[in-house]
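K.L.:
The structure under discussion is supplied below as structure tokens; questions concerning it will follow.
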């Protein structure tokens, strides 16, 4: 797997190892553009004093999940030729990219905290342990989904495109742009099936002591991530046979 990691680092951006650090900035750029739009529209923070921090608490777990799961699937498509070598397994490629995306996510988080400090905002949560748990839960959910979609992508690359669309839908319904508990009960219940929403709610309860947690179900996030992972490992066997037959 080490060889796959090193290859991914070098081929990630302009065939240079520094590209890994550059591409870690893409989620940060994504966040900054959205934060600029929200500030330009003059919206006020529903909780806390900083609109930047409020939206960052939603964007960080949502984009972490999206980038990790999406690029794990893309890595299988991009490195399909490597799987012609018996020593290279599908899971080597998938977990190599998961490792890189996890490191990239940490770099993005560090950069984001730095930007918020420069802007004069307080990026520190009221409950650090809960914030870290929410971050790790989003990472685990993305890892599980990534294994599943990557295994399906071997069967058909269509699943990679489909997952990009699904990630967009999950993002819109994640609660990043709004407070779920303030929506009508039927709408909030429908949105609560989105596991990413619970990562956002988990993070916001760590930042705002008065934030309502009536929608939050931490166990649902973990069980969903575990379900994704086990289904992905099952489909990986199917994909492995398909590669051997091909």
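Numbering (the numbering used here), first residue to last: 2 to 247. For each residue, glycine too, the CB sits at the ideal point set by N, CA and C. Predicted model only: the values in this text are computed from it and were never measured.
1) Indicate the three-state DSSP secondary structure (helix, strand or coil) for residue 98 in the structure shown.
2) Between residue 27 and residue 224, what straight-line distance do the alpha-carbon atoms span, to the nearest angstrom?
3) Can you check which of these residues, 165, 172 and 148, is closest to residue 240 by C-alpha distance?
4) Alpha carbon to alpha carbon, how far is residue 176 from residue 198?
5) Buried or exposed for residue 238, please, with buried defined as at least 16 other CB atoms from any protein chain shown within 10 angstroms of its CB.
6) Using the rule of at least 16 other Cβ atoms within 10 Å of the residue's Cβ for burial, across every protein chain shown, is residue 210 buried or exposed?
7) Just the C-alpha distance for residue 69 and residue 139, rounded to the nearest angstrom, thanks.
8) Going residue by residue through the segment 35-80, where are the continuous alpha helix (DSSP H) segments of at least 4 residues, counting only ones entirely within it?
9) Could you check if residue 119 is buried or exposed, using at least 16 other CB atoms within 10 Å of its CB as the buried criterion?
10) Tell me the rounded alpha-carbon separation between residue 126 and residue 97.
11) What does the alpha-carbon distance come out to for the pair residue 36 and residue 93?
12) Rank 46, 71 and 233 by C-alpha distance to the C-alpha of residue 172 and give the top, closest one.
13) Beta-carbon within less than 6 Å of residue 174's beta-carbon, same chain only, minus the 5 sequence neighbours each way: which residues are those?
14) With a CB to CB cut of under 6 Å and the five nearest residues on each side skipped, what residues in its chain are close to residue 180?
15) Taking the Cβ atom as the reference point for each residue, do residue 144 and residue 99 lie within a distance shorter than 7 Å?
16) Is the distance from the Cβ of residue 153 to the Cβ of residue 66 below 7 Å?
17) Under DSSP, the alpha helix (DSSP H) around residue 161 begins and ends at which residues?
P.N.:
Walking through what the data contain:
1) helix
2) 29 Å
3) 148
4) 6 Å
5) exposed
6) exposed
7) 10 Å
8) 52-79
9) exposed
10) 31 Å
11) 36 Å
12) 71
13) 192 and 195
14) 47
15) yes
16) no
17) 159-173
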